[in-house]
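A short worksheet on the structure shown next.
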Amino acid sequence: MLEIIPGILEKDWSEIERKIELVRPFAKTIHIDILDRKFAPNTTFLDPLPFAKYTLPSSGQAFPSSGQAPFFELHMMVEEPIQYLKPFADAGLLAIDGPTPLSAIQVPYDDLDCVLVMTIKAGFSGQVFMPEHLEKVKALRQAQGKQFPIEVDGGINDGIIIQARSAGATRFVSTSFLFASQNPHERYQALNSHLKNF
1018 MLEIIPGILE
1028 KDWSEIERKI
1038 ELVRPFAKTI
1048 HIDILDRKFA
1058 PNTTFLDPLP
1068 FAKYTLPSSG
1078 QAFPSSGQAP
1088 FFELHMMVEE
1098 PIQYLKPFAD
1108 AGLLAIDGPT
1118 PLSAIQVPYD
1128 DLDCVLVMTI
1138 KAGFSGQVFM
1148 PEHLEKVKAL
1158 RQAQGKQFPI
1168 EVDGGINDGI
1178 IIQARSAGAT
1188 RFVSTSFLFA
1198 SQNPHERYQA
1208 LNSHLKNF
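Oh and the sequence shown: position 154 is 1171 in this note's numbering, straight run, nothing missing.
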């Protein structure tokens, strides 16, 4: 299944919440970047408590009052990820930074819901797309077959999305392209349209 995923990389909860509310009516998944200034030279909002308002404690269902139920996907670009796992959630997705080879994946792919390949240098949104990282996507697709979800994060816009899809990606995190617009929903629809016409 192909999916466009709005990405949020912010230092302040008020800005995270504003962006969540902007994309909540149409996004199935919302990607939240978590940075500690150690793994990459940037930091983001690191407190899990405000996110609790979007989840029913008993069922874990996101956005219980809404017809839409987006899922929060956390991208932890931190030096000590274990300390963030318990407060935020269980993770089933593994992210590979640009310089990290696929051979560094030391867990069985059957234990993963998805592999995320960074297509920019980790740490800041608005960076230039690095097409050479699509080679990892191609290698993953060839090794894992058609059904395995592969996500790309970084520089995804209405031109780049086709390159990423051609390489084998099925999930596309877009941050600057969506939120730099006055109408993120229109941009989201444009990305979906490019995928449908692929």
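We treat Cβ as the ideally placed atom computed from N, Cα and C, and that holds for glycine.
Test item: CB-CB of residue i and residue j under 7 Å
{"i": "F1056", "j": "E1096", "result": "yes"}
{"i": "G1176", "j": "I1137", "result": "no"}
{"i": "Q1161", "j": "Y1126", "result": "yes"}
{"i": "I1021", "j": "F1189", "result": "yes"}
Nonlocal neighbours in the same chain, by C-beta distance under 8 Å from residue i, ignoring five residues either side
{"i": "V1154", "result": "V1134, I1167, V1169, A1181, A1184, G1185 and A1186"}
{"i": "V1145", "result": "I1137 and G1172"}
Other residues of its chain near residue i: CB distance less than 6 Å, five sequence neighbours each side excluded
{"i": "S1082", "result": "Since pLDDT at S1082 reaches only 43, below the 50 mark, its modelled position is unreliable, and no value is offered."}
{"i": "I1025", "result": "I1033, K1036 and I1049"}
{"i": "S1031", "result": "none"}
Nearest neighbour of residue i, chosen from the options [CA to CA]
{"i": "G1143", "options": "K1045, E1038, R1054 and A1197", "result": "A1197"}
{"i": "L1151", "options": "D1127, I1051 and P1118", "result": "P1118"}
{"i": "L1208", "options": "F1088, A1044, L1129 and R1054", "result": "A1044"}
Per-residue burial, residue i [other beta carbons within 10 Å of its own, 16 or more giving buried]
{"i": "S1191", "result": "buried"}
{"i": "P1012", "result": "Shown here, the chain extends from 1018 to 1215; a query on residue 1012 therefore has no answer."}
{"i": "M1018", "result": "exposed"}
{"i": "A1121", "result": "exposed"}
{"i": "V1040", "result": "buried"}
Supposed contact pair residue j and residue i - C-beta distance, whole angstroms, cut 8 Å
{"i": "I1051", "j": "P1023", "result": "Rounded, the Cβ-Cβ distance is 16 Å, inconsistent with contact."}
{"i": "I1173", "j": "H1211", "result": "Actually they do not touch by this definition, with Cβ atoms about 10 Å apart."}
{"i": "E1027", "j": "T1061", "result": "6 Å"}
{"i": "M1094", "j": "G1115", "result": "With 8 Å as the limit, M1094 and G1115 do not qualify as a contact, their Cβ atoms being about 12 Å apart."}
Spatial neighbours of residue i in its chain, beta-carbon cut-off 7 Å, leaving aside the 5 residues before and after
{"i": "A1112", "result": "H1092, L1133 and M1135"}
{"i": "P1058", "result": "G1140"}
{"i": "A1156", "result": "L1119"}
{"i": "R1204", "result": "F1194, L1195 and S1198"}
{"i": "P1074", "result": "Low confidence applies to P1074: its pLDDT is 44, below 50, so where it sits in the model is not reliable enough to give any reading."}
{"i": "F1215", "result": "I1179 and R1182"}
Chain B within 7 Å of residue i, Cβ atoms only
{"i": "A1197", "result": "Of the chains in the structure shown, none is chain B; there is only one protein chain."}
Distance cut-off 6 Å: residue i Cβ against heavy atoms of the ligand FMN
{"i": "E1038", "result": "For the structure depicted, the ligand FMN is absent and the ligand set is empty, with no information on it obtainable."}
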